[in-house]
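**Q**
Protein chains in written order, with the numbering used here: chain A, 266 to 545; chain B, 266 to 545; chain C, 266 to 545; chain D, 266 to 545; chain E, 266 to 545; chain F, 266 to 545.
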């Protein structure tokens, strides 16, 4: 039962994550971290936002010369996520009642990055609980305990947001947004993406470049018929299957075409892109 | 009370399930399993997706030379299924509180396939909980305990999805989809289907072929008026009733016609198909 | 507190229920029972579906030469019925926690028919819980306990469904339907219905025939203006009131006309039918 | 704590309620009671349905020569009323758990009338729980305890229903309706109503007749603009205020006009009716 | 813990509330109180309904020569208010379970006025729970305890209702309304209102008259563009600010204009009214 | 466990907050505080409403010569905030039950400002609970305990409201609004805003003036295409990033453009404003 506390050491990034910067995101994140301005990462799925946060935690941890590095606690937000899940609750332990901090209050107390992934998916109370943390006050009121926690020196708040998903119902309020600076994420350029694909899937450079070409071309279709383009991740998946002996066409089929859409017209367009690159 | 733990041995596939491959699904599944890329099975009801997963668990278990085989824990998802149901919860046991893992955390810890059938039916939190399991991290955060479980070497995530059912409300998000490769499932061809019907229901080859013919023809009607065609399963049911002495026409009536639709026009079309094959 | 278990002997059908077969429903049910194919009973209210199930339980019990007969556990499904209600839950008993099986798990364990009346009314999780019970697996996963129950040899699943009620929202999914065969229920013909009315209400044969005639005629109006016709049950009610000294016209008025509709036009049509049969 | 049981003697009708029959409702109710056919009372508010049930309980109690009479347990149904509220639940009493029957199970066990007023307002599970009680089975399954109660000899089920209120959403299902006979309730005729007003409010016969005249005339407006006419109750209220010294016009104003509608046109029509009768 | 009971002495009106009658409301309320007919107060916000109830409690308390006066328990109803909140519930106290009456059952038992302010805002079950209290029965069933409380001699039920707010969804049912008489509340005339403003805010008679003039004029705009006019309360607020040294124009601005509407056109109209009265 | 009480000293404003008055808001707030009239602060996000409340608490605390100052308890309201969260609840502590006051009841008892930020976001019960606190009664009924708290001499209620957000569903009721006076908040003029930016971010006066100019110009676009203009806060953020070495254009890009809108046309307009001011 003593395990009912978030083990902060579980959240240390022990080895340097593989991450290829695509612009000035490292400089912006560092400046914001130093100025204690919370960061909002904007961009489509599979462009490396999560890994970027892990990378920055690792790099800033080094820079800060903290013995144990800078932990990063990631919360994948969803419709039923409440303030209580983030801040903590009382649990019954035999005849005693035990308090258990949530991921957010743990980071606020012990320091480190708290990354709320797709916060707009969570229940509305969660977007409000971060307001006093995200402005000059840097405090977290813990209503259930009647206390207020002042944020640790190294506490840093990061949230993400996928503009492609947002509807009128699921939109961040201006009073939330205007507490953050926004760093945009987009797909890397062809050369960088090929480098990533080769590194992650183990395919040869030629195949990696071919897959990157497919990614780029599909993203041009996107504006017209796809809600979202092929992410770098699905290109890596295609590469991995090729590496395991599946033919390039079939690998692209199950990793890309089948996933992106159910519409026949669009599928045909995607297939044309693929067969132009892998004619065989 | 000691029984409050998922008995993993209950989930071993002890004898080889009867499964006739219809394409390269065995190779794709094997490659994905080896590359640790989660798999999404797409296709209509009654085309053997569940049995395919059991078959692969059996085959991979053999191949891995695991003494006890590879368990498969199936969860039929529904509207009220929450993260807690999958990941685990605390139970009160007299004066003690006991943790009980859910089906997902059991598979993550002990290894084996976790098959989330029709995951899109579940509450939204469940589709998000699998994100860190389904990418490079392969971890499962257990919020209630404040811990993070690293997936067992042999843990493998499979989900299914019936495109015929999906609406705008119940649709997998791109950020979920793009963590999987998709293997399509469809009805087997006439010869294979006849073989399955004969094997499963015990009818003679001629009757099995007749039933397979009916299946194929009804699926042609489908595009126009039926939401879904007659599955292999209902053809097997018709065969079983014939075997028990019910006339072929009546067996098809209660297994196929009455189930597929309430619309009179479509029923007439189905009946014509049946009486063409079983004129008596 | 020891009473917190479903008493299976409460569910034995001790004497032969009065039931007049209207077609081959007895043969179909018997064949399905033997082939272990679950049965879906389709038809309007008051046509004897519940009594048919009780009758079959009695008859199959005899045939099986089970000493104690075949129990039938009926569950009237409703909007708030959950999986937990069917499968069981933990109850607090003083300082102990006691497991209590639900009606479904009781039948799965101890054998007998489980009849889920109007299952489509229940919450969606309940229609999914029966999937592994209703296919080749014949198992019931008990999530709360982490166990899986293999169905008793004599366990048999029956559900009912009233097509007149179904809307797009409340519709069985194809993946549920295609696990059953469907036996249709309809109103008996005039002669059989008169026999039932006479037997159940105690009126003389002439009056019973008159009431059956009224039933038949009203069902012809139905297609146009009534959501559902007069069931055999309301005709029996009318007979019972006549037997108690209420005039035939007034008995039909309170048992039939007032119940079937609020629309004046339709009421006039019903009244004409009644006064043609009972002119006095 | 011993008081946690429904005190059946609280529900005896000790003195004969004042009730003036308006048709054959007494005979119909008696015949239905003897034939054990449940009764549905249909009609607008304030026409004496509740008092009629109390009157019949008193009269049948006498007739049955039961020493203690026939109790009547009334439940005013509402949106949040659940099966548990009707059937019973377990309560924690110190370290023990105590079962407490609900109003319905109390009447089923101990006998008497259970009157579910406006049952259509309750949650859907409650309309289903009465099905096995309202047909030939006369049983009440108590899911929470795993038992089935057979209804007491004198148990009788009465429900009410106001057709003016019903919408498509709040409508009794045919499978519920066809388990009842329906007795219609309407406003009494002018003479009877004057007699009631005089008796209940204590005003003189002339004033009572004037108020009854107003009631009758307003009900003629109703068809056009009012959802419901002035009930006998509001006419009694007007009489009571007159008796306390309020002028007849003002008494009608606050008891009738202000309550029935907010629409000016309709108010003017009502006022004209009132000032024609009470010109002063 | 002994404090878990409603302290009835907290609800005594110790000194005569300042209240200026505007019509025959005192006589009507008194007559209804004596005839035990529940009262519904209808009218816009800020017209003194709450204070009128306190005034009547004080006056009737005097008249009744009760030593301790007549208590008034006010409940501001809201969307989440349930029957349980009004009637009472069991609380856990260490190892014991303690019953705690709600505001309504306290008044029913101990006597006094129970004032349910804007009852239509509450959940539907609350409007039904008052039915047997509001007719000839004068009883309150306490389902949770299985008992029925007969109302104290001096118990009196008052509810309020703002017709300007009601929508089809939030409307009192006729079966509720017709259990009450309705007393209408409206803004006082200019002279009376000036007297109230002067008394409550302490401004001189001239300023009070000016403010009353503004109130009257704004209410003429109302019919066209405002959902509700300026209440007496906001005029008193303006007076209070003037008394504290804020200029009359600015005081009206923050008390009246800024509150009543966001629409520019209407604001201009209100400002014209104000600057006509306070030209400086 | 003893910590389960709100620590009022946590809510003292220990040092004078930096606040530049923009109009007569200090005088109005002071007059309202003295006249005990609750205050509603109206205006867009990031205009310093929260800091103004802290400033007034500090100033009034000085003025009152209270040794410990005037505490301010801020509650960021959200969709799931209930009365219980504000007023308090019982908690189980081992075998005892302990009452814990909420933020509102704490301020009511011990004195100080309770600031309910964006109250309209909270559940409806919370807007009703403040009614008796916000009128002449100045009381808070604590239903759960059956008591009524009279407000401390120095208790003062402040709420905020952003008119840009309100929809028909989320609107304060007139009966709530008319219990407050409204003080409007808007963006400060260019000179004041430059002063604030320089003070808060540490940039030089020239850059601060440039940023203030950008703010002003963007607010002119607002009326047409933006739901809300750039707040003072985002201008301060831009300043802070510039101070950390990010170029002025890039700083404005991530602090302003990326946050305010997703629409390309509007972004272009904003960019033109920025590049006119920072041409480099």
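C-beta atoms are modelled at their ideal positions from N, C-alpha and C, and glycine is treated no differently.
None of these values were measured; they are calculated from a predicted model.
So, at 7 Å on beta carbons, what are the nonlocal neighbours of residue 268(B) in its own chain, with the 5 sequence-adjacent residues on each side left out?
**A** Against the second chain, residue 268(B) aligns to sequence position 3. Note that residue 268(B) has pLDDT 35, beneath the 50 cutoff, so the model's placement of it is unreliable and the number below is only indicative. So the list is empty, once near-sequence residues are dropped.
**Q** What residue range is occupied by the uninterrupted alpha helix (DSSP H) comprising residue 368(F)?
**A** Residue mapping note: residue 368(F) aligns to position 103 of the sixth chain, counting from 1. Taken as a continuous stretch (DSSP letters only), the alpha helix (DSSP H) holding residue 368(F) covers 368 to 375.
**Q** Drop a sphere of 10 angstroms on the beta-carbon of residue 343(A), count the other beta-carbons inside from all chains shown, and report buried for 16 or more, exposed for fewer.
**A** Taking the first residue of the first chain as 1, we reach residue 343(A) at position 78. Per the 10 Å Cβ criterion, buried.
**Q** Could you check whether the region 363 to 377 of chain F touches the region 309 to 322 of chain E, counting it as contact only if at least three pairs of C-beta atoms, one from each stretch, sit closer than 8 Å?
**A** The region 363 to 377 of chain F is not in contact with the region 309 to 322 of chain E.
**Q** With 8 Å as the threshold, decide whether the Cβ of residue 268(E) is near any Cβ in chain F.
**A** As a working mapping, residue 268(E) is identified with position 3 in the fifth chain. Because the pLDDT of residue 268(E) is 34, which lies under 50, any placement of that residue in the model is unreliable, and the number read from its coordinates should be weighed accordingly. Yes - at least one Cβ of chain F is within 8 Å of the one on residue 268(E).
**Q** For residue 544(B), tell me which candidate among 512(B), 338(B) and 530(B) has the shortest Cα-Cα distance.
**A** Within the second chain, residue 544(B) is the residue found at index 279, counting from 1. Checking every option, the nearest Cα to that of residue 544(B) belongs to 512(B).
**Q** Using a Cβ-Cβ cutoff of less than 6 Å, which residues in the same chain neighbour residue 278(A) once the five nearest sequence positions on both sides are dropped?
**A** Against the first chain, residue 278(A) aligns to sequence position 13. The answer, listed in chain order, is 319, 322 and 323.
**Q** Below 8 Å between beta carbons is the criterion; list the residues of the region 446 to 478 of chain D that meet it against any residue of chain C, in chain order.
**A** Cβ contacts with chain C: 446, 447, 448 and 449.
**Q** How about residue 510(A) and residue 300(B): are their beta carbons less than 8 Å apart?
**A** Taking the first residue of the first chain as position 1, residue 510(A) is located at position 245. Taking the first residue of the second chain as position 1, residue 300(B) is located at position 35. Cβ atoms of residue 510(A) and residue 300(B): not closer than 8 Å.
**Q** Looking only at C-alpha atoms, which of 280(F), 467(F), 352(F) and 442(F) sits nearest to residue 303(F)?
**A** Residue 303(F) sits at position 38 when you count from the first residue of the sixth chain. For the residues 280(F), 467(F), 352(F) and 442(F), the minimum Cα distance to residue 303(F) belongs to 442(F).
**Q** Output yes or no for whether 8 Å exceeds the beta carbon distance between residue 404(C) and residue 374(C).
**A** Taking the third chain and counting its residues from 1, the one referred to as residue 404(C) is at position 139. Taking the third chain and counting its residues from 1, the one referred to as residue 374(C) is at position 109. No, the pair does not count as a contact, with Cβ atoms beyond the cut-off.
**Q** With respect to the beta strand (DSSP E) encompassing residue 425(A), which residues constitute its N-terminal and C-terminal limits?
**A** Along the first chain, read from residue 1 onward, the residue named residue 425(A) stands at position 160. Where residue 425(A) is concerned, the enclosing beta strand (DSSP E) stretches over 421 to 426.
**Q** So, is the C-beta of residue 302(F) closer than 8 Å to a C-beta in chain E?
**A** As a position in the sixth chain, residue 302(F) is number 37, starting the count at 1. With 8 Å as the cut-off, residue 302(F) counts as an interface residue toward chain E.
**Q** Around the C-beta of residue 285(D), are 16 or more other C-beta atoms found within 10 angstroms, so that it is buried, or is it exposed?
**A** On the fourth chain, position 20 is the one that residue 285(D) refers to. With fewer than 16 other Cβ atoms within 10 Å, it is exposed.
**Q** Would you say residue 271(D) lies against chain E (beta-carbon separation less than 8 Å)?
**A** Start at 1 with the first residue of the fourth chain, and residue 271(D) comes out as number 6. Yes, because at least one Cβ of chain E sits closer than 8 Å to the Cβ of residue 271(D).
**Q** With the cut-off set at 8 Å, would you say residue 335(B) and residue 391(B) are in Cβ contact?
**A** One-based indexing of the second chain puts residue 335(B) at position 70. One-based indexing of the second chain puts residue 391(B) at position 126. No, these two residues do not count as a Cβ contact at 8 Å.
**Q** Spatial neighbours of residue 386(C) within its chain, please: CB distance less than 8 Å, with the 5 preceding and 5 following residues excluded, ordered by chain position.
**A** Within the third chain, residue 386(C) is the residue found at index 121, counting from 1. These residues qualify, in order along the chain: 342, 343, 344, 346 and 435.
**Q** Of the residues 377(C), 289(C) and 309(C), which one's Cα is nearest the Cα of residue 275(C)?
**A** Here residue 275(C) is taken as the residue at index 10 of the third chain, counted from 1. Nearest of 377(C), 289(C) and 309(C) to residue 275(C), Cα basis: 377(C).
**Q** Excluding the 5 residues flanking residue 353(F) on each side, which residues of the same chain have their C-beta closer than 6 Å to its C-beta?
**A** Taking the first residue of the sixth chain as position 1, residue 353(F) is located at position 88. Correct list, in chain order: 365, 366, 367 and 370.
**Q** Using a Cβ cut-off of 8 Å (strictly closer), state whether residue 390(B) contacts chain C.
**A** Locating residue 390(B) in the second chain gives position 125, where the first residue counts as 1. Not closer than 8 Å to any Cβ of chain C, the Cβ of residue 390(B) fails to qualify, so no.
**Q** Thinking C-beta only, is residue 515(A) closer than 8 Å to residue 539(A)?
**A** Residue 539(A) sits at position 274 when you count from the first residue of the first chain. Residue 515(A) sits at position 250 when you count from the first residue of the first chain. In this structure, residue 515(A) does not lie closer than 8 Å to residue 539(A) by Cβ.
**Q** Whose C-beta lies closer than 7 Å to the C-beta of residue 532(B) among residues of the same chain, with five residues either side of it excluded?
**A** Here residue 532(B) is taken as the residue at index 267 of the second chain, counted from 1. Answer for residue 532(B): 522 and 526, listed in chain order.
**Q** Rounded to whole angstroms, what is the Cα-Cα separation between residue 447(F) and residue 307(F)?
**A** Counting from one through the sixth chain, the residue named residue 447(F) turns up at place 182. Counting from one through the sixth chain, the residue named residue 307(F) turns up at place 42. Cα to Cα, the separation comes out at about 7 Å.
**Q** Taking residue 509(F) as the query, report the chain A residues whose CB atoms sit under 7 Å from its CB, ordered along the chain.
**A** Reading the sixth chain from its first residue, position 244 is the one you call residue 509(F). Those within 7 Å of residue 509(F) in chain A are 296, 299 and 300.
**Q** To the nearest angstrom, report how far apart residue 535(D) and residue 461(C) are at their CA atoms.
**A** Taking the first residue of the fourth chain as position 1, residue 535(D) is located at position 270. Taking the first residue of the third chain as position 1, residue 461(C) is located at position 196. About 54 Å.
**Q** Can you give me the Cβ contacts of residue 423(B) inside the same chain, cut-off strictly under 8 Å, excluding the 5 residues immediately before and after it?
**A** The sequence position of residue 423(B) within the second chain is 158, counting from 1. The residues are 303, 304, 305, 306, 318, 378, 379, 380 and 381.
**Q** Per DSSP, what are the beta-bridge partners of residue 380(C) in this structure?
**A** Within the third chain, numbered from 1, the residue matching residue 380(C) stands at position 115. Its beta-bridge partners are 339(C) and 423(C).
**Q** Please classify residue 497(E) as buried or exposed, where buried requires at least 16 other C-beta atoms within 10 Å of its C-beta.
**A** Counting from 1 along the fifth chain, the entry for residue 497(E) is found at position 232. Buried, because 16 or more other Cβ atoms sit within 10 Å of the Cβ of residue 497(E).
**Q** Have a look at 349(E), 469(E) and 421(E) and flag the residue whose alpha-carbon is nearest the alpha-carbon of residue 388(E).
**A** Your numbering for residue 388(E) matches position 123 in the fifth chain. Here the closest residue by C-alpha is 349(E).
**Q** Compute the Euclidean distance between the alpha carbons of residue 467(C) and residue 541(C), then round it to the nearest angstrom.
**A** The residue you call residue 467(C) lines up with position 202 of the third chain. The residue you call residue 541(C) lines up with position 276 of the third chain. Going from the Cα of residue 467(C) to the Cα of residue 541(C) covers about 23 Å.
**Q** With 8 Å as the threshold, decide whether the Cβ of residue 440(F) is near any Cβ in chain E.
**A** Here residue 440(F) refers to the residue found at position 175 of the sixth chain. Chain E, which has a Cβ nearer than 8 Å to the Cβ of residue 440(F), makes this yes.
**Q** In the DSSP assignment, find the beta strand (DSSP E) that holds residue 449(A) and state where it starts and stops.
**A** Sequence index remark: in the first chain, residue 449(A) carries index 184 (1-based). 446 to 449 is the extent of the beta strand (DSSP E) around residue 449(A).
**Q** Please check the pair residue 440(F) and residue 383(F), which I expect to be a contact at CB under 8 Å, by giving their CB distance rounded to whole angstroms.
**A** Working through the sixth chain from its first residue, we reach residue 440(F) at position 175. Working through the sixth chain from its first residue, we reach residue 383(F) at position 118. The Cβ separation is near 19 Å, so there is no contact.
**Q** Anything in the region 495 to 509 of chain E with a Cβ closer than 7 Å to a Cβ of chain F? List those residues in chain order, please.
**A** Here the close residues are 496, 498, 499, 502, 505, 506 and 509.
**Q** Excluding the 5 residues preceding and the 5 following residue 517(C) in the sequence, name in chain order all residues of the same chain whose CB lies nearer than 6 Å to its CB.
**A** Mapped onto the third chain, residue 517(C) falls at position 252. 503 and 539, listed in sequence order.
**Q** Given this structure, state the Cα-to-Cα distance separating residue 617(C) from residue 399(D), to the nearest angstrom.
**A** With chain C covering 266 to 545 only, the question about residue 617(C) has no answer from this structure.
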